[in-house]
Amino acid sequence: MPKRSRSSSFLMTTTIVSAALIFTAPTRINAYITSGLPAHTHRAFLRKLTDDICNQSIGSLSPEEMSTCPMLMSAWATAPEKLNLSSDNGRERALAVEGLLKRMIDERRAGNAEAIAVTEDYNAVMKAWSMSGEGSKAAVRAEQILIQMQDLYQSGDKNVQPNLESFQIAIEAWTRASDDEPNAPARAQQILEWMINTYKSGANDKAQPDTLCFIPVLKAWASSRKLEGPIMAEHLIMWMQQLQFQEEIESAKPTTLCFNIVMSSWLKSADITSEKRIRQIFEYMESSSKKGNVDVQPDAGSYNIVISSISPAVKKFYDMGGARRADKILARLESGYLNGDETLRPDSIIYNQVIDYWAKTQSVRGHFMKARDVLDRQVKMFREEKVRKCRPDVTGYTSVIAACASTYGTVKEKRRSFDMAHLTFMESCAEKYTQPNDVTYGVMFKAVGRLLNNSDEQDKYARTLFKLCCDDGFLGDMAFMRMKAAVSNVVYKELTGGKTYEELPEEWKRNVTKRQKKYDMRKNAAKKSNQLRP
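Offset between the sequence shown (1-based) and the working numbering: plus 1.
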């Protein structure tokens with residue numbers, strides 16, 4: 002018996018008539034599913050068609066009705082968002098698809114020659130379970146169906162030979178089950194190992210693995226937060242390389258994304274050697290790409306991970322060496338992009354990270370100039386090189402002002418630093434996308450209090466800054482406290498009327514970030530708690 006043609010099923014326009022319902026042909030079903038009607042209407046429509054097919058007596062389905070089954074299975078399995086099928090509805094979808102498959106199998110056993118269950122039907126059932134939201138239960142069921150397919154195929158049923166998609170669905174089902182199954186990454190990897198052994202043994206020539214089979218498992222280990230996660234991810238990469246170079250399975254070759262996932266796994270770990278290991282992987286990628294393996298050439302994401310791993314972010318302290326390493330890596334990224342490598346297109350996140358490193362490296366003389374230099378390079382990349390992803394934001398400008406505000410040294414050095422803070426603040430005010438926020442005003446008040454040597458000048462500048470801050474609605478607790486520390490008591494009373502922060506007009510605080518508001522609420526709660534203690 003030849004395989005059923007799916008294309009012919011989709012193109013049928015015959016109306017199916019039963020004793021209770023006029024069935025819609027496959028193409029009309031497809032049009033109905035994509036018509037934009039309410040989700041509950043779609044679901045009710047599919048439910049009705051499914052029930053009427055499954056409730057008929059075994060062996061009674063017509064060829065037209067049999068051709069409708071795969072379309073219904075596909076509709077249930079591939080339109081979860083459209084049908085709003087989540088939680089309990091997800092289970093409904095999976096049971097509906099499996100019920101249709103079972104009906105096809107029963108129909109075949111009853112002698113209906115048109116009832117031929119094929120690989121795509123089984124895949125639809127596995128996909129429905131995988132996306133059902135049932136966690137490990139769904140993954141177990143998908144795995145059982147995959148094993149059943151392989152057993153049937155080896156027993157002689159060529160119509161249900163598991164293909165690449167079959168194994169991918171089962172693997173991804175386990176990667177989705179991590180919330181209720183701690184061993185989900187290991188279970189996903191077991192299916193991957195079985196897949197590869199099945200292909201290598203000759204038991205299934207369609208089980209040849211490719212890179213996309215490994216990526217979900219790599220991500221599962223990377224996000225598992227397990228101590229062994231980074232090591233297991235590295236082992237997978239080495240296995241991929243073995244398959245590529247020693248066993249000549251080119252489809253399983255690792256790519257830049259694979260290495261980025263491994264580095265990300267180290268970044269998320271608490272291992273004290275993570276920065277060193279990430280740097281080693283990064284250097285291996287660079288070395289391999291220079292030798293001709295362009296599939297693993299570092300991209301902008303690779304550089305971002307390396308910079309994020311540098312000691313200031315990992316060890317919670319900031320030193321000159323870390324900031325310099327980050328700046329040098331950023332410079333290499335910029336150079337590569339300017340030399341024509343589009344994969345090295347930088348973005349605002351990586352610039353903000355390096356600026357922040359310099360801003361918090363207070364032991365370095367002139368560190369605020371280093372931070373400002375990085376911001377200038379970002380501005381140039383955005384305006385002159387037209388790299389839209391590099392558009393400066395308030396975070397970068399605020400970090401530069403913070404670097405200035407933390408300057409130590411002579412009066413002359415502090416004055417130089419304040420002038421830089423003032424210039425940066427004014428530039429921030431000039432663009433819509435860099436407008437100062439509550440933190441920006443806070444660090445600017447800090448700069449006024451720490452860097453200006455003349456009290457009259459401090460009061461004068463603080464008055465203007467306070468008015469701008471209140472007009473913008475960004476008088477957060479931080480800005481208020483920094484303002485209070487920067488001015489004389491006379492000016493403080495002049496600006497606030499001697500009121501506490503809580504008593505000041507809400508209009509002055511209207512745009513304070515939610516983060517700052519939550520901080521204020523926690524602080525107020527702690528203050529009240531202390532007041533109530535006996």
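The beta-carbon is built from N, C-alpha and C at its ideal position, and this holds for glycine as well.
All values reported here derive from a predicted model rather than from experimental measurement.
For the pair T120 and S167, the CB atoms are nearer than the 8 Å cut-off.
For G230, the uninterrupted alpha helix (DSSP H) run begins and ends at G230 to F246, by DSSP. In the three-state reduction of the DSSP assignment, P71 falls in the helix class.
Counting only runs that start and end inside the stretch 158–194, the alpha helix (DSSP H) elements of at least 4 residues fall at 165–176. Counting only residues of its own chain and dropping the five nearest sequence neighbours on each side, V297 has a CB closer than 7 Å to the CB of P255, T256, T257, F260, M286, S289 and S290. With fewer than three CB-CB distances shorter than 8 Å, the stretch 176–184 does not count as touching the stretch 209–216.
Within the same chain, A174, W175 and A178 come within 6 Å of A140 by CB-CB distance, once the 5 residues on both sides are set aside. Annotation for V307: I279, R280, F283 and I330 place their beta carbon closer than 7 Å to its own, counting only its chain and skipping 5 residues before and after. DSSP, read as helix, strand or coil, puts I306 in helix. Residue environment: I117 is assigned as buried (16 or more neighbouring CB atoms within 10 Å of its CB, all protein chains considered). F369: member of the alpha helix (DSSP H) spanning H368 to R384, first to last residue.
For T274, there is no enclosing alpha helix (DSSP H), since its DSSP letter is neither H nor E. For the options D300, C430, D374 and E248, the alpha carbon positioned closest to that of D342 is the one of D300. When DSSP states are grouped into helix, strand and coil, K500 belongs to the coil group.
The Cβ atoms of S303 and L268 do not sit closer than 8 Å to each other.
In this model, S270 and S349 are separated by some 25 Å (Cα to Cα). When C-beta atoms of the stretch 395–402 are compared with those of the stretch 460–478, fewer than three pairs fall below 8 Å, so the two segments do not count as touching. Its chain contains A116, I117 and A118 as the residues whose beta carbon lies nearer than 8 Å to that of R109, once the 5 sequence neighbours on both sides are disregarded; these appear in chain order. With a 10 Å radius around the Cβ and a threshold of 16 neighbouring Cβ atoms, G499 comes out exposed.
When the Cα atoms are used, V295 and V440 turn out to be separated by approximately 43 Å.
Around the beta carbon of E135, 16 or more other beta carbons sit within 10 angstroms, so the residue counts as buried.
Contiguous beta strand (DSSP E) elements confined to the stretch 105–132 do not occur, taking only those with 3 or more residues. Nearest to R325 by alpha-carbon distance, out of R416, K371 and A78, is K371. For R226, no alpha helix (DSSP H) encloses it, and the DSSP letter there is neither H nor E. For the pair M127 and A143, the CB atoms are nearer than the 8 Å cut-off. In the displayed model, V388 falls within coil according to three-state DSSP, outside both helix and strand. If you draw a straight line from the Cα of M264 to the Cα of I232, it is about 11 Å long.
DSSP places D296 in the helix class (H, G or I) of the three-state scheme. Scanning its chain for C-beta atoms nearer than 8 Å, with the 5 sequence neighbours on each side dropped, one finds no residue around T274. Secondary structure of Q281 (DSSP, three-state): helix. The three-state reading of DSSP puts I250 in coil, since its state is none of H, G, I, E or B.
A129 is classed as buried because its beta carbon has at least 16 other beta carbons within 10 Å across all chains shown.
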